[in-house]
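So the sequences go chain by chain: A and D.
If you count the first sequence from 1, you need to add 289 to reach my numbering.
If you count the second sequence from 1, you need to add 28 to reach my numbering.
Beta carbons are placed, not taken as given, at the ideal position from N, Cα and C, and that holds for glycine.
Shown next, in structure tokens, is the structure this report addresses.
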Amino acid sequence: KNEVEQSPQNLTAQEGEFITINCSYSVGISALHWLQQHPGGGIVSLFMLSSGKKKHGRLIATINIQEKHSSLHITASHPRDSAVYICAVSGNNDMRFGAGTRLTVKP
Amino acid sequence: DAGVIQSPRHEVTEMGQEVTLRCKPISGHNSLFWYRQTMMRGLELLIYFNNNVPIDDSGMPEDRFSAKMPNASFSTLKIQPSEPRDSAVYFCASSLGVAGLYEQYFGPGTRLTVT
Chain A
290 KNEVEQSPQN LTAQEGEFIT INCSYSVGIS ALHWLQQHPG GGIVSLFMLS SGKKKHGRLI
350 ATINIQEKHS SLHITASHPR DSAVYICAVS GNNDMRFGAG TRLTVKP
Chain D
29 DAGVIQSPRH EVTEMGQEVT LRCKPISGHN SLFWYRQTMM RGLELLIYFN NNVPIDDSGM
89 PEDRFSAKMP NASFSTLKIQ PSEPRDSAVY FCASSLGVAG LYEQYFGPGT RLTVT
């Protein structure tokens, strides 16, 4: 079993829909990261969180430390949100990654 | 700031050749990470430097891989000899502090193809 599990693997949505991507982990962590990788390949850090909830524009990330679970929400999705979203967890000296969720938002 | 700079962006080489990938972290960042991304294994941490010192190299696949950080503004990842299974995208990232406590900034990656 992978230490970081994401679901779903693939997600197709219509423009405007509310989207949720889930991440569960089985190891102790210092922080959880949500990354976005666009078709061109570049990786951008969206959020780093160790408790509670963070919001940036239409993106919201939550984490439940007791349940070892995090969610990434996208409100009012847009075709430009189409990308691979990767969950990663970090300890003091390492980073472990989920397999990613490929999101396609259709106009 | 220009962000994390990696070179080359693309590298095609023949099996057995030496490959050197280069990274310039964001000025002022004291942690640097090398990652490898493949279709089969996704993203993997290869090695992590803090203040130019390798802290964790447990992800380095084998002795053919080596990484150095001679100063705060430059790091190299070397593969010698290269093999076709080394084909991947190699990312460098930097952050203000230790892994796990600071946001990481990724370079554009180097796409390596070994034929």
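Worksheet item: Grouping DSSP H, G and I as helix and E and B as strand, with all else coil, what is D84(D)?
Response: strand
Practice prompt. Please say whether K342(A) and A350(A) have beta carbons closer to each other than 9 angstroms?
Written response: yes
Practice prompt. Leaving aside the five residues before and after S101(D) along the sequence, list all residues of the same chain whose C-beta is less than 8 angstroms from its C-beta, in chain order.
Written response: K52, P53 and S55
Worksheet item: For the stretch 98–120 of chain D, which residues have a CB atom closer than 9 angstroms to at least one CB atom of chain A, in sequence order?
Response: V117 and F119
Discussion item. Once DSSP output is grouped into helix, strand and coil, what is the label at P27(D)?
Written reply: Examination of residue 27(D) is not possible in this model, given that chain D is present from 29 through 143 alone.
Practice prompt. Could you tell me how far apart the beta carbons of M88(D) and L74(D) are, in whole angstroms, since I believe they sit closer than 8 angstroms?
Written response: 5 angstroms
Practice prompt. In the DSSP assignment, find the beta strand (DSSP E) that holds L335(A) and state where it starts and stops.
Written response: I332 to L338
Worksheet entry | Rounded C-alpha distance that separates A127(D) from S334(A) | 14 angstroms
Discussion item. If the criterion is Cβ atoms closer than 9 angstroms, does the pair L105(D) and S59(D) meet it?
Written reply: no
Practice prompt. Return the first residue and the last residue of the beta strand (DSSP E) that L124(D) is part of.
Written response: Premise fails: L124(D) is in no beta strand (DSSP E) and is neither H nor E.
Item to complete: Consult DSSP for R50(D) and reduce its assignment to one of helix, strand or coil.
Response: strand
Worksheet entry | Residue nearest to R50(D) in terms of C-alpha spacing, selected from T66(D), V32(D), S115(D) and P82(D) | V32(D)
Fill in: Proximity test, Cβ basis, 9 angstroms: D91(D) and chain A
no
Worksheet item: Can you give the Cα-Cα distance for S115(D) and G329(A), rounded to whole angstroms?
Response: 18 angstroms
Worksheet item: Run through DSSP, which three-state label would P112(D) get?
Response: helix
Item to complete: Return yes when the Cβ of Y76(D) is within less than 9 angstroms of the Cβ of F61(D), no when it is not.
Response: yes
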